[in-house]
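Scroll down for the structure; my scribbles are underneath it.
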Amino acid sequence: MEDFVVIGKIADTYGLNQELKVLAYLPPKEWKRIKKVYFKKRGGDYVPFELEKLRPHGEKWVLIKLKGVQSQEDAIRFLGAKVFLPKENLPKRKKDEYYFFELEGLEVRSQEGKVLGRVDRVSSDKDR
1 MEDFVVIGKI
11 ADTYGLNQEL
21 KVLAYLPPKE
31 WKRIKKVYFK
41 KRGGDYVPFE
51 LEKLRPHGEK
61 WVLIKLKGVQ
71 SQEDAIRFLG
81 AKVFLPKENL
91 PKRKKDEYYF
101 FELEGLEVRS
111 QEGKVLGRVD
121 RVSSDKDR
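Right, dumping it as structure tokens:
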């Protein structure tokens, strides 16, 4: 089974073309290579949707159009949904850069080397 990571959250619809405004948890420029996103059903299964259109919208946002979403009523159903991507499809990080989920579970040490604990969770203002 694939491991999935949240890469954004649907905040609103945009315009009259069934576009969705996504609060991007990855920098918008890193969305360019994404061709398919996933949404989690209530039962826990992930459902893929191909992107018909994608464009950056400011520093924190991307606008997406999902294939198969033909009406505003269809688009509205996605409001509040988290957008997922399989971990292996995430853009590669540069040396000494990490995704938040990669830090979870790591040991935290003082400068003297004393173990202080483990990283339980990493959050940002985007998690709200």
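The numbering of the sequence shown is full-length UniProt numbering, which starts it at 1 and goes up by one.
Every residue gets a Cβ at the ideal spot worked out from N, C-alpha and C, and that includes glycine.
Exercise for the section: For the beta strand (DSSP E) containing A24, list its first residue and its last residue. Expected result: 19-24
Practice task
Return the first residue and the last residue of the beta strand (DSSP E) that A81 is part of.
Solution key: Segment: none, A81 is in no beta strand (DSSP E) and carries neither H nor E.
Handout entry: Selected residue, minimal CA-CA separation from K21, among F39, H57, V47
Key = H57
Exercise for the section: Excluding the 5 residues preceding and the 5 following K65 in the sequence, name in chain order all residues of the same chain whose CB lies nearer than 8 Å to its CB. Expected result: N17, Q18, E19, L20, L51, E52, K53, L54
Practice task
Just tell me which of I34, V115, V6, F100 has its CA closest to the CA of L23.
Solution key: V6
Exercise for the section: Determine the closest residue to R121 out of F101, K82, S71, with distance taken between C-alpha atoms. Expected result: F101
Exercise for the section: Could you tell me which residues DSSP pairs with P56 in its beta bridges? Expected result: V62
Handout entry: For N89, the nearest candidate out of R33, F49, Y14 (CA to CA)
Key = R33
Exercise for the section: Grab me the residues of R128's own chain with a C-beta within less than 6 Å of its C-beta, minus the 5 sequence neighbours each way, in chain order. Expected result: At R128 the pLDDT is 44, less than 50, meaning the model places this residue with poor confidence and gives no usable figure here.
Handout entry: Residues bridged to P27 (per DSSP)
Key = Partner(s): none; P27 has no beta bridge.
Problem - Contact check, I10 vs V69, beta carbons under 8 Å - result: no
Practice task
List the DSSP bridge partners of I10.
Solution key: For I10, which the question treats as bridged, DSSP gives the partners V22.
Practice task
Grab me the residues of V3's own chain with a C-beta within less than 6 Å of its C-beta, minus the 5 sequence neighbours each way, in chain order.
Solution key: Note on residue identity: the sequence assigns Asp, not Val, to residue 3. Correct list, in chain order: K87.
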